[in-house]
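I have placed the structure first, in the form of structure tokens, so that the comments after it can refer back to it.
Number of protein chains: 2
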Amino acid sequence: MNKNVLVGLSGGPSVAINASLAGVIKAATASRRMGTVYGARNGIKGVMSEDIVDLTPYADETNIALLMQTPAMALGSCRCKLSSRDYEHIVEVMRRYQIGYFFYIGGNDSMDTVAKLNRYCKTNKIEIKVVGIPKTIDNDLPVTDHTPGYGSAAKYLYHTMTEIIADSTIYPIPNVVIVEIMGRDSGWLTLAAGLPRFLGKDAPDIIAIPEVAFDEDEFIARINKLFKQKKTVICAVSEGIRDASGEYIGNDAKSGAVDTFGHAYLSGVGKYLEGLVARKVGCKVRSIEVNIMQRCASHLASKCDIDEAFTIGQAAIDAALSGVTGAMMTFRRVTDSPYKVIIETTDVKNVACKAKDVPECWHDLEDERIYSEISSYILPLIGGKLNQICDSSGLPMYIDIK
Amino acid sequence: MNKNVLVGLSGGPSVAINASLAGVIKAATASRRMGTVYGARNGIKGVMSEDIVDLTPYADETNIALLMQTPAMALGSCRCKLSSRDYEHIVEVMRRYQIGYFFYIGGNDSMDTVAKLNRYCKTNKIEIKVVGIPKTIDNDLPVTDHTPGYGSAAKYLYHTMTEIIADSTIYPIPNVVIVEIMGRDSGWLTLAAGLPRFLGKDAPDIIAIPEVAFDEDEFIARINKLFKQKKTVICAVSEGIRDASGEYIGNDAKSGAVDTFGHAYLSGVGKYLEGLVARKVGCKVRSIEVNIMQRCASHLASKCDIDEAFTIGQAAIDAALSGVTGAMMTFRRVTDSPYKVIIETTDVKNVACKAKDVPECWHDLEDERIYSEISSYILPLIGGKLNQICDSSGLPMYIDIK
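Protein chains in written order, with my numbering: chain S, 48 to 449; chain H, 48 to 449.
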């Protein structure tokens, strides 16, 4: 008898993760070598609590299409570190459901679960193939050229930054706009917000990523210098920028310090820098947190991203059927133009709990010579427009897995 | 000889204001009874400083199409109150440019300028037709059924709120999400963010508009009550909500007060309520400011909004040619379904410095019986998808008026 399939989602949401889930459902139900396709609610937590749902009813064309255009995570998510006793329990549940294949869609923490579960199975001679499918808007997984979810977030940031630039330049008075972008440890998303500049516009003027030490005095000096040439200074800033000692910018402020007006800060680096500019430059200043919109704006999803997320989900099924286990699916880019990628696998240990920074050769974002290289990397990932199925109000329809 | 035309933009930006400008340029250049079409940069300020540009080169089909899809304000904006001496100077400049028709696109403050300029012309027997064209995402202008710019902002808020709901419900833990929406005095935009609920979803759970007194204790009590039925509580809140005494919520905090952790608040009501929920409910809580994205997201513009903005701009030309002056163009809705509006005019004094609140019969947003009425009002305004002209990266192209 064919072994059954179990799939779970983990970590933070994105616009593309459900497309990978759709790829898994589609390929697994189509395969004559796999049994029932189950989904665990709230990732590995749902395995432990046996909150498991039969996904077979969602394998038809319409449901697959709806799932592909639904943002966030149709099976819910979790963030949890497991103990060795948890793995014992997980495998016991999987045995009861006659699971032969487990797919886990997530980032580097989720890949740690994949690695440990696979080791547990190997040690205990349990025949379950365990395969990770990459997902994170942060684009910070090693080995793979990029991660599903990044392209759509990058597209959102590129379009939104362009609109913010247009909006911010209408008044003939000096003003600073600070756009705070996700990325606690890596600047990939902020690079996408820099695309207008890399593609020829004169903004954003200042682009700050966590990989490069941030100096507050230098930041203020650059704004003052820019004001000699232009009225509006726009900054794209990663939430995780740090000073030379590795301390997060605005960290002190967040823990209760007050500024010269007696105000303290409740939130992130954008608000902190807003206060800094107000005090040190004294001009009009606004901070904008693009917040969770950058990861859930399915109305602006990249077709390339969604298609790839689906394809890599399907490919995971083929990989598992061919015997792969303890691995994560990856993209290897063959050429930028025409854009071509090959799907491969890597030992999940190369990914688990590891991160990929923006490479050093891209750190000096004042150096125009690197702009075409960065654009050539990002642009293919944001390409294409989706034909979304909409309701009578024009809203893309979402799926609800009961 | 035909008199020339002058047009200016004023107040805050929107996605639709350039479409009204396009309508003015298109109809004025097409008319055989009008001369050169000039644009004043930064509104009335540009008239005073003679920063005036010939718009004739932008009247061809491609430029009109690009102008219609460009967000913000292609001629820049201003916010200024004028003195009576200013009007003398303005009219002198207009005489020099042989202006016979002046069109001002803006909100209720801009209509004050229209009213005063018209009075000055009448008193001094100066033959300039002065016509206002409505524009504000706030939708708070009297007489007109709605204002250009509102439909696109409403569409953005409806789609974004739906995405935020999907994103916020993935973890199986109690959490509150507070979405802060523009609207210092009126709740029209927040109503649009409420559309998912009005159309059958169970969120946003709490919808708070400036027209209805906000009680902090009641707010916390409602969250606690909602937690008995569900894990995620989503709130759509106007930036301008006030308590029963008319004081803005969070106002104290903004002026330097600190919370029980010694933190004070730098920004708006969303952050304030985030702190309040953290202290009083003690669950996970996030505030989201949709910020200027709600007024500049041209990638999600409403076709109805853009088309209407263009048409009302064209209609202003016809009105001026037929002798109308000291008036603002308005929409009168004939039917919701099929949606039909008629363009009319109103004495600008009916609009200048006045505001239109959300009507009282829509204040109790817990009363489901009003949901279909609110939806029927908003839905036609957000209808339709634009075919935007995009560059090779898929980004809608903007115009740059030199």
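Even glycine gets a Cβ: it sits at the ideal position worked out from N, Cα and C.
| What residues in the region 63-90 of chain S bring their beta carbon closer than 7 Å to a beta carbon of chain H? | Taking 7 Å as the Cβ-Cβ cut-off against chain H, the residues of the region 63-90 of chain S that qualify are Asn89.
| Nearest residue (CA-CA) to Ala63(S), options Ala356(S), Cys408(S), Ile417(S), Asp404(S) | The option with the nearest alpha carbon to Ala63(S) is Ala356(S).
| query | Asn222(H) and Lys278(H) look like a contact to me (Cβ under 8 Å); what is the Cβ gap, rounded to whole Å? | reply | About 7 Å separates the two Cβ atoms, so the contact holds.
| Contact under 8 Å by Cβ, Pro181(H) with Ile212(H) | Inclusion of Pro181(H) and Ile212(H) in the CB contact set at 8 Å is not warranted, their separation being larger than that value.
| request: Report yes if the C-beta distance between Leu113(H) and Ile446(H) is below 8 Å; otherwise report no. | output: Yes; because the gap between Cβ atoms is below 8 Å, this pair is in contact.
| field | Nonlocal neighbours in the same chain, by C-beta distance under 6 Å from Gly430(H), ignoring five residues either side | value | The residues are Cys351.
| message | Just to confirm, is the Cβ distance from Gly360(S) to Ala87(S) under 8 Å? | response | Going by C-beta atoms, Gly360(S) is not nearer than 8 Å to Ala87(S).
| Assuming Gly70(H) contacts Thr358(H) under a Cβ cut-off of 8 Å, what Cβ separation, rounded to an integer in Å, is found between them? | Right, the Cβ-Cβ distance comes to about 6 Å (below 8 Å), so this counts as a contact.
| request: Look up Asp365(S) in the DSSP assignment and say whether it is helix, strand or coil. | output: In the three-state reduction of the DSSP assignment, Asp365(S) falls in the helix class.
| task | Please work out which residues of its chain come closer than 7 Å, Cβ to Cβ, to Lys449(H), disregarding the five sequence neighbours upstream and downstream, and give them in chain order. | result | Here the set comprises nothing.
| said: Taking its Cβ as the centre, do 16 or more other Cβ atoms sit within 10 Å of Asn434(S), making it buried, or is it exposed? | reply: By the 16-neighbour rule on beta-carbons within 10 angstroms, Asn434(S) is exposed.
| task | Could you tell me whether any Cβ in chain S is nearer than 8 Å to the Cβ of Cys343(H)? | result | For Cys343(H), a Cβ of chain S is located within less than 8 Å of the residue's own Cβ.
| Residues that Pro60(H) contacts on chain S, provided the C-beta gap is smaller than 7 Å | Neighbourhood of Pro60(H) in chain S, by CB distance below 7 Å: Asp214, Ile217, in chain order.
| Since Gly58(S) and Gly153(S) are thought to touch, with beta carbons under 8 Å apart, how far apart are those beta carbons, to the nearest angstrom? | That belief holds up - the Cβ atoms of Gly58(S) and Gly153(S) are roughly 4 Å apart, short of 8 Å.
| message | If you reduce the DSSP assignment to three classes, tell me which class Ser439(S) lands in. | response | DSSP places Ser439(S) outside both helix and strand once states are collapsed to three, so it counts as coil.
| Taking any Cβ of chain H, which residues in the region 191-209 of chain S have a Cβ under 8 Å from it, in chain order? | Residues Lys202, Tyr205, His206, Thr207, Thr209.
| query | In the structure shown, what three-state DSSP assignment does Asn110(H) receive? | reply | In the displayed model, Asn110(H) falls within a helix according to three-state DSSP.
| Can you tell me whether DSSP reads Thr183(H) as helix, strand or coil? | Thr183(H) carries a coil assignment under DSSP once its states are collapsed to helix, strand and coil.
| field | Span of the beta strand (DSSP E) around Lys387(S) | value | 387-394 is the span of the beta strand (DSSP E), which, as asked, contains Lys387(S).
| task | Check the Cβ of Lys432(H) against every Cβ in chain S and list those closer than 9 Å, keeping chain order. | result | By Cβ distance, chain S contributes Cys437, Gly441.
| field | Distance CB(Ile296(S))-CB(Tyr319(S)) smaller than 8 Å | value | Taking 8 Å as the Cβ cut-off, Ile296(S) and Tyr319(S) qualify as a contacting pair.
| Identify the residues that DSSP records as bridge partners of Cys408(S): which are they? | For Cys408(S), which the question treats as bridged, DSSP gives no partner whatsoever.
| message | Just to make sure I have the definition right: I need the residues of chain C whose C-beta is within less than 8 Å of the C-beta of Ile211(S). Which are they? | response | Any reference to chain C falls outside this structure, whose protein chains are S and H.
| said: Counting C-beta neighbours from all protein chains within 10 Å, is the total for Gln341(S) 16 or more, i.e. buried, or is it exposed? | reply: Flag for Gln341(S) reads buried.
| query | Cα-Cα, which of Met158(S), Leu236(S), Asp98(S) is closest to Met375(S)? | reply | Cα-wise, what sits closest to Met375(S) is Met158(S).
| field | Terminal residues of the beta strand (DSSP E) in which Val280(S) lies | value | It spans 279-285 - the beta strand (DSSP E) in which Val280(S) sits, taken as one unbroken run.
| Tyr85(H) (DSSP reduced to helix, strand or coil) | In the structure shown, Tyr85(H) sits in a strand (DSSP, three-state: E or B).
| What's the C-alpha gap between Phe378(H) and Pro385(H)? | Across the structure, Phe378(H) and Pro385(H) are spaced so that their CA atoms are roughly 16 Å apart.
| field | Cβ-based neighbour list, Val54(H), same chain, cut-off 6 Å, excluding 5 preceding and 5 following | value | The residues are Val71, Gly86, Phe150.
| task | From the DSSP output, in three-state form, read off Leu236(S) for me. | result | In this structure, DSSP gives Leu236(S) a helical state, which the three-state scheme calls helix.
| Rounded to a whole number of angstroms, what is the C-alpha to C-alpha distance between Phe308(H) and Met141(S)? | Only weak support exists for where Phe308(H) lies, its pLDDT of 40 falling under 50; the coordinates are left without a value.
| request: Identify the contact partners of Ile429(H) in chain S, using a Cβ-Cβ distance below 8 Å as the criterion. | output: Those within 8 Å of Ile429(H) in chain S are Ser440, Gly441.
| query | For Met376(S), does the three-state DSSP call read helix, strand or coil? | reply | DSSP places Met376(S) in strand when its eight states are reduced to three.
| task | Return helix, strand or coil for Leu320(S), following the three-state DSSP convention. | result | Looking at Leu320(S) - three-state DSSP - the assignment turns out to be helix.
| query | Since Lys176(S) sits in a beta bridge, which residues does DSSP pair it with? | reply | DSSP lists Tyr148(S) as partners of Lys176(S).
| request: Check the Cβ-Cβ distances between Cys125(S) and every residue of chain H, and say whether any is below 8 Å. | output: Chain H has a Cβ within less than 8 Å of the Cβ of Cys125(S).
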